[in-house]
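S.K.: Structure incoming, see below.
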């Protein structure tokens, strides 16, 4: 199935048409429309209503740089009836709600590594999942051993907030035992090893493998298998032979991408203004991220049927920049390529064979 995106152009056009009408409506009519909208949104779940299979939603398609179309890295994966989230970048948790996905259904968070742009929304994800579902168990957070320090820090930072919410809403809405996060660490997989992290009775298997993101020594990607379908999410990595090894034959490779030709231009421009610090950072980051062409090469070598690029760096404000970003990709990979943005959805129906 081809990827789908929420059309920002259509939404903006409708807003321009409807806003003047709403301004003239009596207050009671506006409130009635609000009520109907809430009923409609509460009655659906954009992922739960999809057929059996693996469905991948980018709740955050960007990296650490501001981008109007792309929030911090966050990938929601529904396998069968089970919903998981890989990384929790800025706005990822809120975007789930914005895209019509019930945050309360998230069963576990899978952390690729502890860079700030992959964890800064973790506390919010835990709170939203807790209060919207009334869960009596904290959100499990799987990841390399560093996950214990990350979870401890967030739990400490959100302890007062959790107590306030239980005191305000009561234990039925905000059960005190369900607040926060629960670290579930695993040892770093050896190179060439695919290490099982999570498995359930419905046949969902989630495995971790090491990637190349030095000096980050605990960085992993994830492979998810379910009913004849398989996807790999890279996390942050330079071109990785191990990723190619673990992604053999997958239906979808979700790979980070950084256009070093563009970041070098940014560095040069920053340098010309005397901002040597920004220039240095822009010249450092390409060393541990794959370029779009390298991500495409990995997809080709793995025999992946589709490639979805995310963790897009730098920000791409228009289609013209997107063309520059993708330059050379088609020279190395002839499968379907999608340049991700917030709301990109790719569905892989279960293999019925």
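Residue numbers (this note's numbering): 6 to 358.
A virtual CB, placed ideally from N, CA and C, is assigned to each residue, including glycine.
Tell me the rounded alpha-carbon separation between residue 7 and residue 85.
M.R.: At residue 7, the pLDDT of 49 sits below 50, so the modelled position is not reliable; the number obtained from the coordinates is stated separately. Computed Cα separation, rounded: 19 Å.
S.K.: Below 8 Å between beta carbons: does that hold for residue 77 and residue 125?
M.R.: Their beta carbons are under 8 Å apart, which means residue 77 touches residue 125 by this criterion.
S.K.: I believe residue 185 touches residue 205 by the beta-carbon criterion, under 8 Å. Please report the beta-carbon distance rounded to the nearest angstrom.
M.R.: Actually they do not touch by this definition, with Cβ atoms about 23 Å apart.
S.K.: Would you kindly check if the distance between the Cβ of residue 119 and the Cβ of residue 155 is under 8 Å?
M.R.: Going by C-beta atoms, residue 155 is nearer than 8 Å to residue 119.
S.K.: Of the choices 334, 270, 221 and 214, whose alpha-carbon is the least far from that of residue 303?
M.R.: 334
S.K.: Measure the C-alpha to C-alpha separation of residue 11 and residue 215 and round it to an integer number of angstroms.
M.R.: Confidence is the limiting factor: at residue 11 the pLDDT is only 47, short of 50, which leaves the residue's position unreliable, though a coordinate-based value still follows. Those two C-alpha atoms are separated by around 33 Å.
S.K.: Going by the CB atoms, is the gap between residue 257 and residue 351 shorter than 8 Å?
M.R.: In this structure, residue 351 sits near residue 257, with a CB-CB distance shorter than 8 Å.
S.K.: Would you call the segment 168–182 in contact with the segment 135–143, where contact means no fewer than 3 C-beta pairs closer than 8 Å?
M.R.: yes
S.K.: For residue 349, does the count of other Cβ atoms within 10 angstroms reach 16, so buried, or fall short, so exposed?
M.R.: Flag for residue 349 reads buried.
S.K.: Can you tell me which residues form a DSSP beta bridge with residue 343?
M.R.: 313
S.K.: Assess, as a yes-or-no matter, whether the segment 228–248 is touched by the segment 265–274 under the definition of 3 or more beta carbon pairs within less than 8 Å.
M.R.: no
S.K.: Is the separation between the beta-carbon of residue 279 and that of residue 313 shorter than 8 Å?
M.R.: no
S.K.: Can you list, in chain order, the residues of its chain whose CB lies under 6 Å from that of residue 355, leaving out five sequence neighbours each side?
M.R.: 57, 58 and 232
S.K.: Does DSSP put residue 244 in a helix, in a strand, or in coil?
M.R.: coil
S.K.: What residues in its chain sit with their C-beta under 7 Å from that of residue 201, if we drop five residues either side in the sequence?
M.R.: 210 and 212
S.K.: Pick from 95, 153, 87 and 284: whose alpha carbon is nearest that of residue 426?
M.R.: What is shown of the chain runs 6 to 358, which leaves residue 426 out entirely.
S.K.: Assuming residue 272 and residue 282 form a contact by the criterion Cβ under 8 Å, report the distance between their Cβ atoms to the nearest whole angstrom.
M.R.: Rounded, the Cβ-Cβ distance is 11 Å, inconsistent with contact.
S.K.: DSSP on residue 60, reduced to helix/strand/coil?
M.R.: In the three-state scheme derived from DSSP, where H, G and I count as helix and E and B as strand, residue 60 is classed as strand.
S.K.: By Cβ distance below 8 Å, which residues in the same chain neighbour residue 236 in space, the five residues on each side in sequence not counted?
M.R.: 59, 61, 82, 228, 229, 255, 256, 257, 258, 259 and 353
S.K.: For residue 212, which of helix, strand or coil comes out of DSSP?
M.R.: strand
S.K.: What distance in whole Å lies between the Cβ atoms of residue 319 and residue 70, which are believed to be in contact at a cut-off of 8 Å?
M.R.: 6 Å
S.K.: Between the C-alpha atoms of residue 173 and residue 187, what's the straight-line distance to the nearest angstrom?
M.R.: 23 Å
S.K.: Could you compute how far the alpha carbon of residue 224 sits from the alpha carbon of residue 37?
M.R.: 49 Å
S.K.: Can you say whether residue 169 is buried or exposed, counting buried as having 16 or more other CB atoms within 10 angstroms of its CB?
M.R.: exposed
S.K.: Pick out whichever of 240, 90 and 128 has its Cα sitting closest to the Cα of residue 115.
M.R.: 90
S.K.: Where in the segment 83–127 do unbroken runs of the alpha helix (DSSP H), each at least 4 residues long, occur, reported from the N-terminal end onward?
M.R.: 97–103 and 121–124
S.K.: In whole angstroms, what is the alpha-carbon distance linking residue 326 and residue 338?
M.R.: 20 Å
S.K.: When you compare the CB positions of residue 2 and residue 52, do they come within less than 8 Å of one another, or not?
M.R.: Given a span of 6 to 358 for the chain in the structure shown, any question on residue 2 remains unanswerable.
S.K.: CB-CB under 8 Å to residue 166, same chain, minus the five flanking residues each way: which ones, in chain order?
M.R.: Taking C-beta separations shorter than 8 Å and ignoring five residues to either side along the sequence, the partners of residue 166 in its chain run 132, following chain order.
S.K.: Measuring alpha carbon to alpha carbon, tell me which of 207, 222, 203 and 175 ends up nearest residue 193.
M.R.: 222
S.K.: Quick check on residue 190: does DSSP put it in helix, strand or coil?
M.R.: strand
S.K.: Would a C-beta distance cut-off of 8 Å place residue 331 and residue 296 closer than the cut-off?
M.R.: no
S.K.: To the nearest whole angstrom, what separates the beta carbons of residue 63 and residue 347, a pair I think is in contact under 8 Å?
M.R.: 6 Å
S.K.: Relative to the C-alpha of residue 300, which residue among 176, 150 and 342 is closest?
M.R.: 342
S.K.: Note down, in chain order, each residue of its chain lying with its Cβ closer than 6 Å to the Cβ of residue 153, except the 5 sequence neighbours on either side.
M.R.: 188 and 190
S.K.: For residue 122, collect the residues of the same chain with a Cβ closer than 8 Å to its Cβ; drop the 5 residues on either side in sequence, then sort them by chain order.
M.R.: Only 68, 69, 77, 78, 94 and 95 meet the Cβ criterion.
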